[in-house]
Amino acid sequence: MRGLRPLMLAGLAALGLSASGPAGAQALIADLTEHLIAISTGFTGTSVVLFGTTEGKGDVVVTVQGPPQDTVVRRKEQAGGIWLNRGEVTFNDVPSYYAVAASAPLEQLMSERSLARNGIGIDNLRFAVPPSDSKPSREEVANFHDALVRKRQQLGLYPERGGTVRFVGDRLFRTTIYFPANVPTGLYQVQVYLISDGEIVNAETTPLSVGKTGMGAEISEFAHYHALIYATLAVIGSVIAGWVATLPFRKV
Amino acid sequence: MQIYLPIAEISVNAFYLLLMGGGVGYLSGLLGVGGGFLMTPLLMFIGIPPAVAVGTQANQLIGASVAGVMVHWRRRNVDVRMALVMLCGSSLGTVMGVGLFALMKRLGHIDLLISLSYFVLLGTLGSLMMWEALRSLLRSRKGRPSRNRLHHAAWVRALPLKMRFPKSLLYISALLPAGIGFVIGLLVAVMGVGGGFLLVPAMIYLLGMPASVVAGTSLLQVIFTTAIAAWLQAAINQTVDGLLALLLMAGGVIGAQLGTRAAGALRGEHARMLLAILILGVALKLGLDLVLPPHDPYSIETLERPS
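Residue numbers (this note's numbering), protein chains in the order written: chain V, 1 to 252; chain R, 1 to 307.
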């Protein structure tokens, strides 16, 4: 029985049916200090604390995924002495943000295979490539994939250094998730995995929303829903601003 | 002071924006160019998405140009009649340019087309201006007055619809400024800039307008081209960031005032030489980007999801 349970739960976790495991599962409860990151005018990045408790022994891995986006990666090649975009690959459902935190180095917690199967860790992210006329080779796609991850890392959206989950005593844990100033808006998924003997024995998902508030939100909403009025106002606004600006200089 | 820009969706230092606006505004007041061809790369450099950079700078240039024109207006350095005639051509050109842009985009390699046309145009223009400015500088050193008026070819003089432009002391066919306006409107739409850096040399060398009225007249023209561009960008693509434009404008109008004032103290040849250096610099940068191996051959673009 003891050998069977982790297997069964790993299956459940993979299916995402894991908010609260069946009776007798190793309990895992986790929550965030905040479920809404409000981007106001003075926003310079923020952090959110995830905390929780486990029953029994195990390690904890946390992944944070931003809303999925379709992304084109282009590559410049030299032709006739000029560098121009020759190749491109489109990836579907690329998380706009991805971060991992763990209570121990990932490779010590799980085998390479189960990390890959569960898509944990930046190296194990897989993005779908829609079918296209120009079928790039597997190797080529891998090159473009790596470039995409590298670009995101440069932007600070796929933090290279994994965070640390700290245990307070045997059962309480906490970790801090940092979001940079350029964090994309949308609905985030925070996954918490409980790992024991190299397998996922429980998992929990908690949502996190990143949205604009205050003046910024109003401007962006207005620009989106009343584009014609916004456009006209923007033009009139600039004309007036330009005129007003000359007033103090008038007498000179 | 960090400030979050609602449309660009990025947090940047407001002080940088004021400084950038001021610097480009100064040049625009001094030389009569809008400075769009400088501002767009600068904005992209600090991390603003390219589409937002292009849309917003068009909006910001309206304000800067209005401020510039006001100053020139008070000094009676604006040839309204000339600007209106050119406007007829440039509005038509802008509309057709938008169509051309869409066509090229469908055929692919629009980026390359833009870079190449910038490079060829700016390179030729910059070299010609530099050559001319150096020559007239040498001539004035020797004490001879520089020749201001161009002698138009016979076919130019034979064009119909002759009009008097008292401010510019010209009696030429209206087709000439309207045609120049048309070509520039076309380029403005394809390149996404105000077009002042093309208008100024065209007015000086092709029309033979006196240097004193060139800056003001060109700025008046730029107000309209940028207004059309900004309106289209905001209405269709929603890429005009009001807050970003406001900050750039705050710096820009002050810079433009100082620049316009400095322009009075600057001799025509010097102003043209400065503009030539600026244009050659941008052309050189673009040319190197095309030829040198890029720092990172890969680039990414996030696609808009139809919602």
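For every residue, glycine included, the Cβ atom is placed at its ideal position computed from N, Cα and C. The structure displayed is predicted, hence computed values, not measured ones.
Listed by position along chain V, the residues whose Cβ is nearer than 8 Å to that of Leu87(R) form an empty set, because the closest Cβ is around 16 Å away. With fewer than 16 other Cβ atoms inside 10 Å of its own Cβ, Ser111(V) counts as exposed. Rounded to the nearest whole angstrom, the CA to CA distance from Gly211(V) to Thr41(V) is 12 Å. When Cβ pairs closer than 8 Å are counted between the two stretches, the segment 225 to 234 of chain V is seen to touch the segment 226 to 246 of chain R, the count reaching three or more. Approximately 7 Å separates the beta-carbon atoms of Ala215(R) and Leu31(R); this is inside 8 Å, confirming the contact. The C-alpha of Gly119(V) is placed about 6 Å away from the C-alpha of Leu125(V).
Here the alpha carbons of Thr213(V) and Ala38(V) stand approximately 6 Å from one another.
Remark: C-beta atoms of Val85(R) and Pro177(R) approach each other more closely than 8 Å.
Look at Phe179(V) here: in three-state DSSP terms it is strand.
Apart from the 5 residues on each side of it in sequence, Ser132(V) sits with its Cβ closer than 8 Å to the Cβ of Thr90 in its chain, given in chain order. At a cut-off of 8 Å between beta carbons, Gly169(V) makes no contact with chain R. According to DSSP, Trp83(V) shares a beta bridge with Gln78(V).
Where Val62(V) is concerned, there is no enclosing alpha helix (DSSP H), although the beta strand (DSSP E) around it starts and stops at 59 to 65. Non-local C-beta neighbours of Val222(R) in its own chain, meaning closer than 6 Å and more than five positions away in sequence, comprise Gly34, Ser65, Gly194, Gly196, ordered along the chain.
In chain order, Val69, Val78, Ala83 place their CB closer than 6 Å to the CB of Leu220(R), counting only its own chain and leaving out the 5 sequence neighbours on each side. The segment 16 to 23 of chain R makes no contact with the segment 262 to 276 of chain R, as fewer than three CB pairs between them are under 8 Å. Per DSSP, reduced to three states, the secondary structure at Leu125(V) is coil, with no helix or strand assignment. For chain V, the residues of the segment 67 to 96 of chain R that bring a beta carbon within less than 9 Å of one of its beta carbons are Ala67, Gly68, Val69, Met70, Val71, Arg74, in chain order. Against chain R, the beta carbon of Gln189(V) has no neighbour under 8 Å; the closest one sits roughly 17 Å away. Less than 8 Å separates the beta-carbon of Leu170(R) from that of Gly208(R). Listed in chain order, the beta strand (DSSP E) elements of length 3 or more contained wholly in the segment 147 to 230 of chain R are 162 to 165, 170 to 173. Scanning Phe43(V), Phe167(V), Asn85(V), Thr44(V) for the CA closest to the CA of Asp296(R) turns up Asn85(V). Counting along the chain, the unbroken beta strand (DSSP E) around Gln2(R) starts and ends at 2 to 5. About 4 Å separates the beta carbon of Leu208(V) from that of Tyr188(V), a gap short enough to meet the 8 Å contact definition.
The straight-line gap separating the alpha-carbon atoms of Val48(V) and Thr164(V) is approximately 13 Å. Closest by C-alpha distance to Gly255(R), out of Leu42(R), Gly25(R), Ala8(R), Ile204(R), is Gly25(R). In this structure, Leu243(R) and Pro49(R) do not form a Cβ contact; the two beta carbons are roughly 15 Å apart against a cut-off of 8 Å.
Its chain contains Leu31, Gly32, Val33, Val214, Ala215, Ser218, Leu275 as the residues whose beta carbon lies nearer than 8 Å to that of Val200(R), once the 5 sequence neighbours on both sides are disregarded; these appear in chain order. Residue contact with chain R for Gln69(V): present (Cβ-Cβ distance below 8 Å to some residue of chain R). Neighbours of Met249(R) in chain V, taken as residues at a C-beta separation under 8 Å, are given in chain order as Ser238, Ala241, Gly242, Ala245. The DSSP-derived three-state label of Lys285(R) is helix. For Ile39(V), the uninterrupted beta strand (DSSP E) run begins and ends at 36 to 39, by DSSP. When only Cα atoms are considered, Asp289(R) and Gly22(R) end up about 27 Å apart. Leu186(R) places its beta carbon less than 8 Å from that of Leu100(R).
Taking the C-beta atoms as reference points, Tyr98(V) is found no nearer than 8 Å to Val129(V). The CB of Arg75(V) comes closer than 7 Å to the CB of Pro297, Tyr298 in chain R, given here in chain order.
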